[in-house]
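full-length UniProt numbering numbers the first residue of the sequence shown as 1 and each following residue consecutively. Ideal placement from N, C-alpha and C gives every residue a C-beta, glycine not left out. Predicted model, so just to flag it, every value in this text is computed and none were measured.
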Amino acid sequence: MSILHRPGPRSAAADGPRAVPPGPPPAEAPPAQAGLVIGGLLAALALGGLIWTRSGGTPAALFAIGLALGFVLFHSRFGFTSAWRQLVAVRQGKALRAHMLMLAVACTLFAPILATGTAIGDAVPEPSLAPIGFGLFVGSFLFGVGMQLGGSCASGTLFAIGSGQSAIVLTLAGFVAGSTLGALHFPWWTGDLPSFEPVSLTDVGGGYLGAWAISLAVMAAVVGLTYLLARGRTVPPVQRPPVATGAARAVRGSWPLWVGALLLAGLNALTLLVSGGAWGITFAFAMWGSKILDAVGVDVLSWGFWSDPGNLAKYQAGVLVEKTSVMDLGIILGALVASAAAGSWVLHRRIPGRLAAGAVVGGILMGYGARIAFGCNIGAYFGGIASFSLHGWLWGVTAVLGTVGGLALRPLFGLGNPRPSDSVC
1 MSILHRPGPR SAAADGPRAV PPGPPPAEAP PAQAGLVIGG LLAALALGGL IWTRSGGTPA
61 ALFAIGLALG FVLFHSRFGF TSAWRQLVAV RQGKALRAHM LMLAVACTLF APILATGTAI
121 GDAVPEPSLA PIGFGLFVGS FLFGVGMQLG GSCASGTLFA IGSGQSAIVL TLAGFVAGST
181 LGALHFPWWT GDLPSFEPVS LTDVGGGYLG AWAISLAVMA AVVGLTYLLA RGRTVPPVQR
241 PPVATGAARA VRGSWPLWVG ALLLAGLNAL TLLVSGGAWG ITFAFAMWGS KILDAVGVDV
301 LSWGFWSDPG NLAKYQAGVL VEKTSVMDLG IILGALVASA AAGSWVLHRR IPGRLAAGAV
361 VGGILMGYGA RIAFGCNIGA YFGGIASFSL HGWLWGVTAV LGTVGGLALR PLFGLGNPRP
421 SDSVC
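Rendered as structure tokens:
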């Protein structure tokens, strides 16, 4: 079946990716769920006010940034799990190209902040650098497998919960359990096994300008590779979610991927300015799980992970102070408001057994992997690359390899994979 118009014996289009016929245009978004929007906004105001009064202006500002992140993540449907699944399964690289746009903008924003030490208030901006060792490679591979079984990544788990996807609550439970176990085993992965010092591209490129140029060159190569992988193949288009029309689209969505990429990069840079560090997610999961164990009598503070002075200070500060914790809560509420505004909030009450098992197993693998790999798709991949850390790139490559394993395991849990013959992916 010929899809592409050929003006002559051969055209440039004939050498590019072959696409199946595009699906129907996106349906118009259903009516907003006004009661739920109001309830979500009131909950956000109440929790934000509590954080402000108990913890101060900086945690409250980070909570507000989390709200914005949840809103952006939902309305742009900005995915990491689906992006890698689409690339590996059917060579669809559109979402990964959106990653590269996000990372390019983030690097451009991070470079002057880190180079000049610019920050808001008393924050001191620091790059997200991490050692290169067994934990990085094993952890990111496990994360890649886990996100395909659990159905979401770290950021996706939070905004999916906010939008009412109850199966993802099981993924979060596994995430918390795995992160807590990873905290227990952390000293073995980082101290007993061989590990090398962090590598910053600023050392390779002679400063932030050189590191920025190297990073953008790598991103351009990745974009080119996505087109090369799709060349001559049948590539299903990415499914288009329901969309509001006119000015209402700004509040009710959905938004193009490139809008999400730009806004996520900007919000990550704002997080760096406010807190002194890039956006992260999974440290909070380890803290939440450890707090639960602490409450039932387990001496978690004897663990090597929590005896580290920096981690101990965050643990003792509490759930409504620690940066990733307040931002995670904000993301959930922000996604709730966004999904209700789009008329898309639905609570799924029945979860098939195999799907539930996959959600829990995937969450455990992601939680454990993120802890021993010094971060997840946000803290390590997004924050690491934006901070010009080599570990961010290594994390991303290894997570893609883990995605291959995850796709092979998905049918065991009743999950399908995209196929070239699909109308959308």
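A straight-line Cα-Cα distance of about 20 Å links H348 and F175. Restricting attention to T108, A167, L142 and F143, the CA atom closest to the CA of G353 is found in A167. Cβ-Cβ separation between S179 and G289: approximately 6 Å, consistent with a contact (criterion under 8 Å). Residues of the same chain with a CB within less than 7 Å of the CB of A83, apart from the 5 flanking positions on each side, are A95, L96 and H99 in chain order. About 11 Å separates the beta carbon of L270 from that of A123, a gap too long to meet the 8 Å contact definition. The beta carbon of V169 lies closer than 7 Å to those of I161 in the same chain, with the five residues before and after it left out. Between I385 and G392, the gap from beta carbon to beta carbon is short of 8 Å.
Secondary structure note for Q86: its alpha helix (DSSP H) is the uninterrupted segment T81 to V90. With respect to I51, V326 sits close: the two C-beta atoms are nearer than 8 Å.
By the Cβ neighbour-count rule, D203 is exposed, with fewer than 16 other Cβ atoms within 10 Å of its own. A contact is defined here as three or more CB-CB pairs under 8 Å, and the segment 124-137 fails this definition with respect to the segment 26-38. DSSP, reduced to helix, strand and coil, places I65 within a helical segment of the structure shown. Assigned with DSSP and collapsed to three states, R371 falls in helix. Relative to the Cα of A213, the nearest Cα in the group C107, G343 and G405 belongs to C107. S387 is positioned such that its CB atom lies no closer than 8 Å to that of L136. The segment 63-71 makes contact with the segment 251-268, as at least three CB pairs between them are under 8 Å. Here the alpha carbons of C153 and T81 stand approximately 6 Å from one another. For A183 and P30, the gap between their C-alpha atoms comes out near 43 Å. Beyond the five residues adjoining it in sequence on each side, T118 comes within less than 8 Å, by CB distance, of P112, P125 and L273 in the same chain, given in chain order. Taken in chain order, the complete alpha helix (DSSP H) segments of 4 residues or longer contained in the segment 256-320 are 257-275, 283-295, 304-307 and 309-317. A distance of 8 Å or more separates the beta carbons of G133 and L201.
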